[in-house]
Amino acid sequence: MAASRDAESLERRQTRLGSLRARQAASRDAESPEQTRIRIDDQRARQGASRAAESPEQRQTRLGDQRARQASSRDAESSGQRQTRLGDQRARQAASRAVHWTFMEGEA
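Here the UniProt record's numbering is used: position 32 in the sequence shown is 32, and no number is missing along the way.
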């Protein structure tokens, strides 16, 4: 199977992956909230195990790749998208500060 994938054309590979993504999206659309929760919990567990097993070099590479993807995405966003992203970020930070201070007041 791997040898046949090595030989497939870029166009054919893109078509195959597009079809796979469409099937996955249809499957996710049909799942119940409980199935969604289970799928995401399982995904997080696999991701956590994978990250726990990675070497410092692999972690550095993964984080560098992630930063590059984020920078590329920010470079491609419109002014409206940027304003929305920054507004969402500010709202998350404000909510986080509120939770922190509520916790601190409870500790006092």
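Each residue gets a CB set at the ideal place from its N, CA and C atoms; glycine is no exception.
Given the structure is predicted, the values throughout are model-derived calculations rather than measurements.
Backbone secondary structure at residue i - three-state DSSP
i, result
"E77", "coil"
"A108", "coil"
"E8", "coil"
"S19", "helix"
"S72", "helix"
"E57", "helix"
"S96", "helix"
"E34", "helix"
Close-in-space but distant-in-sequence residues of the same chain around residue i (CB under 8 Å, 5 per side omitted)
i, result
"E8", "R16"
"T36", "R28"
Close beta carbons around residue i, own chain, < 6 Å, minus the five adjacent residues each side
i, result
"E34", "none"
Near the ligand GDP: residue i beta-carbon under 7 Å from a heavy atom
i, result
"R82", "The ligand GDP is not part of this structure, which contains no ligands at all."
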